[in-house]
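Asks: Take this structure, written in structure tokens, and hold onto it; I'll ask about it next.
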Amino acid sequence: MKKILLSRNYLALGAIILLITSIYISCKKSANNDLPATQLELVAEARSYFEDEVVNLPQLNDHNLRHSLDKTPLWDKASTKKISIGDAVIVPIKYEHKIKIGYEDGKDQKELEKTSYLMVYKDKKQNLQAEWVVLLPTATSNSKKFVGSLVIEHWNGKFKRGYAIGDEEEIFSIEPASEQIFKKITYKRREYCFTINHYGYISVGGYNGPQQLLGSESFCSGTANNGETQKTYGSSEGGGGGPEDYTYIIDCNNIINGTAVWSDDCKTCIGGTTGLATCPQDVKKTDSLKTNYPCLDKLIFNKLASDSAFRKLLWPFMGKFTALPDITYTYSSQSWGPSKYSLGETRGNNLMSSTVYLNKSALTNASKLFIAVTLIHETAHAYSKFTIVNGVYGNPIQVTNSAWSISILDYVKARETYLGGVSNYTDHSTFLESYFDNMVNMLQKWGGNDYTLKEYRMAALYGLDNAGEAPPATQPAQLYAYNVLKLDLLNIYENIKSKYSITSAELNTFNLNNTINIPTANKLPSICP
Numbered sequence: 000m001k002k003i004l005l006s007r008n009y010l011a012l013g014a015i016i017l018l019i020t021s022i023y024i025s026c027k028k029s030a031n032n033d034l035p036a037t038q039l040e041l042v043a044e045a046r047s048y049f050e051d052e053v054v055n056l057p058q059l060n061d062h063n064l065r066h067s068l069d070k071t072p073l074w075d076k077a078s079t080k081k082i083s084i085g086d087a088v089i090v091p092i093k094y095e096h097k098i099k100i101g102y103e104d105g106k107d108q109k110e111l112e113k114t115s116y117l118m119v120y121k122d123k124k125q126n127l128q129a130e131w132v133v134l135l136p137t138a139t140s141n142s143k144k145f146v147g148s149l150v151i152e153h154w155n156g157k158f159k160r161g162y163a164i165g166d167e168e169e170i171f172s173i174e175p176a177s178e179q180i181f182k183k184i185t186y187k188r189r190e191y192c193f194t195i196n197h198y199g200y201i202s203v204g205g206y207n208g209p210q211q212l213l214g215s216e217s218f219c220s221g222t223a224n225n226g227e228t229q230k231t232y233g234s235s236e237g238g239g240g241g242p243e244d245y246t247y248i249i250d251c252n253n254i255i256n257g258t259a260v261w262s263d264d265c266k267t268c269i270g271g272t273t274g275l276a277t278c279p280q281d282v283k284k285t286d287s288l289k290t291n292y293p294c295l296d297k298l299i300f301n302k303l304a305s306d307s308a309f310r311k312l313l314w315p316f317m318g319k320f321t322a323l324p325d326i327t328y329t330y331s332s333q334s335w336g337p338s339k340y341s342l343g344e345t346r347g348n349n350l351m352s353s354t355v356y357l358n359k360s361a362l363t364n365a366s367k368l369f370i371a372v373t374l375i376h377e378t379a380h381a382y383s384k385f386t387i388v389n390g391v392y393g394n395p396i397q398v399t400n401s402a403w404s405i406s407i408l409d410y411v412k413a414r415e416t417y418l419g420g421v422s423n424y425t426d427h428s429t430f431l432e433s434y435f436d437n438m439v440n441m442l443q444k445w446g447g448n449d450y451t452l453k454e455y456r457m458a459a460l461y462g463l464d465n466a467g468e469a470p471p472a473t474q475p476a477q478l479y480a481y482n483v484l485k486l487d488l489l490n491i492y493e494n495i496k497s498k499y500s501i502t503s504a505e506l507n508t509f510n511l512n513n514t515i516n517i518p519t520a521n522k523l524p525s526i527c528p
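Position 2 of the sequence shown, counted from 1, bears residue number 1 in numbering that gives the first Met the number 0, the numbering being contiguous throughout.
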């Protein structure tokens, strides 16, 4: 995929060489680069302990659906919190399937990803502990404090301790009573007992059926503590403090104790750190695109737009005022073989606005996976153009309102390379070094288990080694600078391949299998299911 620019003069050799030098010496930052050094050290220590001592704990093979799910800590989203016995690292979790949990009445179901997390801390003996925490607040509570149930387990699901917390701050210690999976059961209520149901979807032919009850788990308690503060909680399996140390909730934008909420009217997450105070305006799609490719919205674009990270790329273009920039999606005829397969391109127009042109041959012949990554890639180009032309590289406001921290690049350097005709270097190097995993996460949220993590990574790489069109030989100084930047981009690209153990041969085969050798079931259909 390439980025076509408005015509501009190339920079003089001296300015470009100075730029090259400044780019080489710029420092790389971690995904948690907004954390102070001491907190980064806590996260690094927690991750090392988890990967060395915890992740390979033996499976329980019990009858709990929740325990059977593959789950992955999102270390790039980790944060630190003060608890009663010191510092703790709180890490959101991504699950292989989207499962909701709720009480027996079926009301106010919560996504498991939004109400559970990994917590790593040092106990009173300074031994590291890792705990899988699952919370389920009650639907009826208006209290600002947590009211509901709290289950704390080892990473493999082995129970450590649990609590039920009431409106009057009364606390019950709870223990598992029964677990059922993949069948409906009859519940018999007993004193101080409750059941948490697991809800999800059965996928048939790649499409989800109606939500179903997939399993459950029950907990029972003895006597409440009548609201008095407990001096000791749980059993010797514990090691942490009291239940107040665990009552963090992850909002719909994946922010711990965030304030973003899901809006049924908007069908999206608004408020908090989303950058959306009200329902966003739909982006523009030409009538011909909607008419000729009716399944593009339903199967790809709308599913991408349900992800808050992708919506942040759309954020500059979603205002309701005519003076704000637009992003328009349409299609055009572009190269499609035998040696070059273009998926799409983005062209700037009207200063900060952009038009994304999807290759109509790709819409017909490429895999849905490659169409999805094209929408992410080209929308990111449009976002990048907006931030550069608008002069907001490095603007602190953009760190919270945009998709990634633009301050990783100095605005002047970025603008000089952009106006100098090598925007693909600017954009693609940024995508690779600072946003690659985010792009992969968007694809995973779109496609779920249809592809492996490695396949998502290979798809996200498509086109990122393209530094743009070279200057003509009649401009030797500019051509020299371009070649230096191109080599730098290729080095970054190869580093990503090496990091994720992707060989050139398997990447080439994968690309061919998503552009040429594609089963009909993997292509965008003309009639939507």
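Glycine residues also receive a C-beta, built at the ideal position from the N, C-alpha and C atoms.
Have a look at the DSSP bridge pairing and note the partners of L127.
Replies: DSSP lists K121 as partners of L127.
Asks: Would you kindly work out how many angstroms separate the C-alpha atoms of D449 and L478, rounded to a whole number?
Replies: C-alpha separation (whole angstroms): 43 angstroms.
Asks: Whole angstroms are fine: how far does the CA of K121 sit from the CA of N301?
Replies: N301 and K121: Cα-Cα distance of roughly 43 angstroms.
Asks: Kindly list the residues whose CB is nearer than 6 angstroms to the CB of R456, restricted to its own chain and excluding five residues on each side of it in sequence; keep chain order.
Replies: The residues are V439, Y499.
Asks: Can you find the residues in the same chain that come closer than 6 angstroms, C-beta to C-beta, to T378, ignoring five residues on each side of it along the sequence?
Replies: L312.
Asks: Beta carbon of W131, beta carbon of E110: below 8 angstroms?
Replies: Result no, Cβ atoms of W131 and E110 do not sit closer than 8 angstroms.
Asks: Sorted by chain position, which residues of the same chain lie with C-beta nearer than 6 angstroms to A381's C-beta, five sequence neighbours on each side aside?
Replies: The residues are I326, T345, S353.
Asks: Leaving out five residues before and five after F435 in sequence, what residues of the same chain have Cβ atoms less than 7 angstroms from its Cβ?
Replies: Answer for F435: A459, I495, listed in chain order.
Asks: Cβ of A87 within 8 angstroms of Cβ of V42?
Replies: Against a cut-off of 8 angstroms, the Cβ pair of V42 and A87 comes out as no contact.
Asks: Quick check on N55: buried or exposed, where buried means 16 or more other Cβ atoms within 10 Å of its Cβ?
Replies: N55 comes out exposed.
Asks: Among all the DSSP beta bridges, which residues are the ones paired with P91?
Replies: Bridge partners of P91: Y116.
Asks: Rounded to whole angstroms, what is the Cα-Cα separation between I100 and N196?
Replies: C-alpha separation (whole angstroms): 6 angstroms.
Asks: Along the chain, where does the alpha helix (DSSP H) that runs through G101 open and close?
Replies: Segment 99-102 is the beta strand (DSSP E) holding G101; no alpha helix (DSSP H) there.
Asks: If you check the beta carbons only, do L523 and L362 fall under 8 angstroms apart?
Replies: Cβ atoms of L523 and L362: closer than 8 angstroms.
Asks: Determine which residues share a DSSP beta bridge with N358 and list them.
Replies: For N358, which the question treats as bridged, DSSP gives the partners S331.
Asks: Can you tell me where the beta strand (DSSP E) holding L312 begins and where it ends?
Replies: No beta strand (DSSP E) contains L312, which is instead part of the alpha helix (DSSP H) from 307-313.
Asks: CA-CA distance, H427 and L134?
Replies: Their Cα atoms are separated by approximately 40 angstroms.
Asks: For S360, count the other beta carbons within 10 Å of its own beta carbon; 16 or more makes it buried, fewer makes it exposed. Which is it?
Replies: Its Cβ being crowded by 16 or more others within 10 Å, S360 is buried.
Asks: Would you call the CB atoms of G467 and Y424 closer than 8 angstroms?
Replies: Yes, the pair counts as a contact, with Cβ atoms nearer than the cut-off.
Asks: Within a Cβ cutoff of 8 angstroms, which residues of the same chain sit near I299, ignoring the five residues on either side of it in sequence?
Replies: Only K367, I370, A371, L374, W445, L523 meet the Cβ criterion.
Asks: How far does the alpha helix (DSSP H) with I491 in it reach, from first residue to last?
Replies: I491 -> alpha helix (DSSP H) spans 475-498.
Asks: Output the distance between the C-alpha atoms of I269 and K113, rounded to the nearest integer angstrom.
Replies: For I269 and K113, the distance between alpha carbons rounds to 15 angstroms.
Asks: Tell me, to the nearest whole angstrom, how far the beta carbon of Y356 is from that of G343; I am working on the premise that it is less than 8 angstroms.
Replies: With 8 angstroms as the limit, Y356 and G343 qualify as a contact, their Cβ atoms being about 6 angstroms apart.
Asks: Can you tell me whether I172 is buried or exposed, with buried defined as 16 or more other CB within 10 angstroms of its CB?
Replies: In the sequence as presented, Ile is not what sits at residue 172; that position holds Ser. Buried, by the Cβ-count rule.
Asks: Indicate whether K97 and L73 have their beta-carbon atoms separated by less than 8 angstroms.
Replies: Not a contact, by the Cβ cut-off of 8 angstroms.
Asks: Using the rule of at least 16 other Cβ atoms within 10 Å of the residue's Cβ for burial, across every protein chain shown, is L452 buried or exposed?
Replies: Result: exposed.
Asks: Which two residues bound the contiguous beta strand (DSSP E) that contains V439?
Replies: Counting along the chain, V439 falls outside any beta strand (DSSP E), though it belongs to the alpha helix (DSSP H) covering 435-446.
Asks: In chain order, what residues of the same chain lie with their CB nearer than 8 angstroms to the CB of C294, ignoring the 5 residues before and after it?
Replies: Around C294: L523, P524, S525, I526, C527.
Asks: Any idea what DSSP makes of N507, helix, strand or coil?
Replies: Here N507 sits in helix by DSSP.
Asks: Can you tell me whether Q58 is buried or exposed? The criterion is at least 16 other CB atoms within 10 Å of its CB, across all chains shown.
Replies: Exposed, because fewer than 16 other Cβ atoms sit within 10 Å of the Cβ of Q58.
Asks: What whole-angstrom Cβ distance do N364 and I517 have, given they're in contact under 8 angstroms?
Replies: Going by Cβ atoms, the distance from N364 to I517 rounds to 7 angstroms, so yes, they are a contact pair.
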